[in-house]
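Inspection log for the structure reproduced underneath, given as structure tokens.
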Ligand SMILES: [Zn+2]
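Numbering (the numbering used here), first residue to last: 8 to 283.
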């Protein structure tokens with residue numbers, strides 16, 4: 008069994024975590040949280056999202072958060088960017104890294120961001136090539152790679168197709184997500200194996216949710232497959248642990264006042280597990 012000699016943890020708590028908390032934090036608190044993660048030595052901390060504060064009030068002020076964070080040498084602070092408008096705002100705030108997201112399931116993508124998968128790529132075309140010309144690092148997320156809340160099973164061929172599309176538009180790294188936490192290790196081996204066979208050399212990461220207690224086993228399966236980039240989500244405080252946490256990207260379908268559904272599952276708090 009070979010395992011990577013080194014694993015890079017991509018910490019998404021200040022974005023994936025905070026956007027799913029019921030109450031929106033102030034900028035001071037968000038800066039303190041993200042800065043603590045950076046100061047703890049994490050080399051990649053997703054710092055916010057340039058989405059409409061009307062739909063995701065928790066991410067309001069991401070521009071100020073980004074401006075105020077002290078970036079340790081070599082650290083990356085990607086921010087989620089859904090469209091050209093978000094990109095312009097991120098660039099103006101000094102973003103050097105951005106992240107884009109789409110899904111392997113057509114229905115999920117439509118319900119999540121009100122766009123077909125093709126339409127989401129058309130949006131990326133508006134700004135990802137420009138981001139690359141500006142020297143930005145670009146991360147792509149593929150949601151629902153192991154199952155969809157609407158369509159059920161997801162064809163691994165579709166995962167490969169979407170991941171390849173993200174590499175082709177210029178993503179430096181593609182994170183393969185189990186949005187609803189249904190993956191099991193054998194499936195992880197299968198899907199990642201196909202990605203590696205059909206996209207040799209592509210930089211892949213994994214993003215698991217611990218909805219059914221399989222996330223750590225899935226991480227191990229991914230490491231055994233040679234994947235050396237793993238997403239984690241630090242909770243801001245232990246008291247929110249019991250709170251329902253929707254999946255990585257489904258917040259974009261949330262409307263103010265709509266309660267997060269429990270079946271979307273809890274994101275895996277890798278740090279908590281690793282710190283035990
Ligand atoms: Zn997540």
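From the three backbone atoms N, C-alpha and C, an ideal C-beta is built for every residue, glycine too.
As the structure is a prediction and not an experimental result, all values here were calculated from the model.
Rounded separation between residue i and residue j - CA only
{"i": "residue 10", "j": "residue 61", "result": "44 angstroms"}
{"i": "residue 63", "j": "residue 97", "result": "16 angstroms"}
{"i": "residue 86", "j": "residue 37", "result": "13 angstroms"}
{"i": "residue 29", "j": "residue 49", "result": "26 angstroms"}
{"i": "residue 14", "j": "residue 99", "result": "32 angstroms"}
{"i": "residue 231", "j": "residue 70", "result": "38 angstroms"}
{"i": "residue 162", "j": "residue 217", "result": "21 angstroms"}
{"i": "residue 33", "j": "residue 120", "result": "25 angstroms"}
{"i": "residue 155", "j": "residue 224", "result": "20 angstroms"}
{"i": "residue 12", "j": "residue 234", "result": "11 angstroms"}
{"i": "residue 241", "j": "residue 175", "result": "31 angstroms"}
{"i": "residue 138", "j": "residue 208", "result": "22 angstroms"}
{"i": "residue 181", "j": "residue 27", "result": "22 angstroms"}
{"i": "residue 166", "j": "residue 88", "result": "21 angstroms"}
{"i": "residue 268", "j": "residue 219", "result": "Residue placement at residue 268 cannot be trusted, given a pLDDT of 39 that sits under 50; what the coordinates show is reported in the next sentence. For residue 268 and residue 219, the distance between alpha carbons rounds to 15 angstroms."}
{"i": "residue 257", "j": "residue 215", "result": "Below a pLDDT of 50, predicted positions are generally treated as unreliable, and residue 257, at 37, falls in that range; no measurement from the model is reported."}
{"i": "residue 20", "j": "residue 204", "result": "31 angstroms"}
{"i": "residue 140", "j": "residue 78", "result": "22 angstroms"}
{"i": "residue 157", "j": "residue 194", "result": "19 angstroms"}
{"i": "residue 101", "j": "residue 51", "result": "16 angstroms"}
Rounded distance between the beta-carbons of residue j and residue i, thought under 8 angstroms
{"i": "residue 74", "j": "residue 53", "result": "About 16 angstroms separates the two Cβ atoms, so there is no contact after all."}
{"i": "residue 238", "j": "residue 210", "result": "That pair is no contact at about 13 angstroms."}
{"i": "residue 206", "j": "residue 171", "result": "6 angstroms"}
{"i": "residue 67", "j": "residue 31", "result": "7 angstroms"}
{"i": "residue 72", "j": "residue 39", "result": "10 angstroms between Cβ atoms; not a contact."}
Which listed residue (the options) has its alpha carbon closest to that of residue i
{"i": "residue 226", "options": "213, 129 and 24", "result": "213"}
{"i": "residue 112", "options": "58, 169, 89 and 97", "result": "169"}
{"i": "residue 202", "options": "153, 224 and 157", "result": "153"}
{"i": "residue 199", "options": "28, 135 and 236", "result": "236"}
{"i": "residue 160", "options": "218, 135, 186 and 65", "result": "186"}
{"i": "residue 17", "options": "218, 183 and 196", "result": "183"}
{"i": "residue 35", "options": "224, 65 and 101", "result": "65"}
{"i": "residue 95", "options": "58, 120 and 128", "result": "58"}
{"i": "residue 151", "options": "128, 114, 134 and 174", "result": "114"}
{"i": "residue 136", "options": "51, 173 and 177", "result": "177"}
{"i": "residue 128", "options": "173, 140 and 157", "result": "173"}
{"i": "residue 133", "options": "92, 157 and 220", "result": "92"}
{"i": "residue 110", "options": "51, 194 and 164", "result": "164"}
Residue j beta carbon less than 8 angstroms from that of residue i
{"i": "residue 228", "j": "residue 196", "result": "yes"}
{"i": "residue 117", "j": "residue 90", "result": "no"}
{"i": "residue 25", "j": "residue 243", "result": "yes"}
C-beta neighbour in chain B for residue i, strict 8 angstroms
{"i": "residue 182", "result": "Note that chain B does not occur in the displayed structure, where there is just one protein chain."}
Taking contact to mean 3 or more Cβ pairs, one atom from each stretch, closer than 8 angstroms, check whether the stretch 37 to 47 and the stretch 75 to 85 are in contact. yes
If contact is defined by three or more beta carbon pairs under 8 angstroms, each pair taking one atom from either stretch, is the stretch 119 to 130 in contact with the stretch 190 to 201? no
If you pair each beta-carbon of the stretch 96 to 111 with each one of the stretch 133 to 148, do three or more pairs fall below 8 angstroms? yes
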